[in-house]
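The structure appears below as structure tokens.
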Amino acid sequence: MPQGPRELFDDELLGLDPEDPEAVAFAEHLHRMREARPTYTVEGQLGGVARFADSANRATGHRRMTAVLLVGLILFGVVFTVIRAIAEMLAVFG
1218 MPQGPRELFD DELLGLDPED PEAVAFAEHL HRMREARPTY TVEGQLGGVA
1268 RFADSANRAT GHRRMTAVLL VGLILFGVVF TVIRAIAEML AVFG
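According to the working numbering, the sequence shown is numbered sequentially starting from 1218.
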């Protein structure tokens, strides 16, 4: 049975202060490391996107710029593909 970050203080992180922000962050990290989700499902893919967005929001400097550039390139690819598909449909049916 998977445990949440707060339950880890009762079991494995005994002796650490559950009100300490660093200890809470460590417990959340342990919880994420033990959480096994299949990545081949839609829910797994969306979970991966959510983890990427959370880590990109916490990043600063070059890592944040890299995340912004990656998202920008993905959006550019999607927009480019949609425009090409619409143009192809208009050429065939227009």
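Just so you know, even glycine gets a beta-carbon here, dropped at the ideal spot from N, CA and C.
Am I right that residue i and residue j are in contact with their C-beta atoms under 8 Å? What's the rounded C-beta distance?
i: Pro1240; j: Leu1233; result: The displayed chain sequence assigns Ala, not Pro, to residue 1240. That pair is a contact at about 4 Å.
i: Ala1244; j: Leu1231; result: With a Cβ gap of about 12 Å, Ala1244 and Leu1231 do not count as contacting.
On the three-state DSSP scale, how would you describe residue i?
i: Met1218; result: Confidence is the limiting factor: at Met1218 the pLDDT is only 43, short of 50, which leaves the residue's position unreliable and the question unanswerable from this model.
i: Ala1253; result: coil
i: Ala1276; result: coil
i: Leu1231; result: coil
i: Leu1283; result: First, the amino acid is wrong: residue 1283 is Thr here, not Leu. Correct three-state label for Thr1283: helix.
i: Asp1237; result: coil
i: Gly1265; result: helix
i: Gly1311; result: coil
Verify whether the separation of the beta carbon atoms of residue i and residue j is less than 8 Å.
i: Ile1267; j: Ala1284; result: In the sequence on display, residue 1267 carries Ala and not Ile. No, Cβ-Cβ distance for Ala1267 and Ala1284 is not below 8 Å.
i: Arg1254; j: Gly1264; result: yes
Can you find a CB in chain D that lies within less than 8 Å of the CB of residue i?
i: Glu1305; result: In the structure shown, chain D does not exist; there is a single protein chain.
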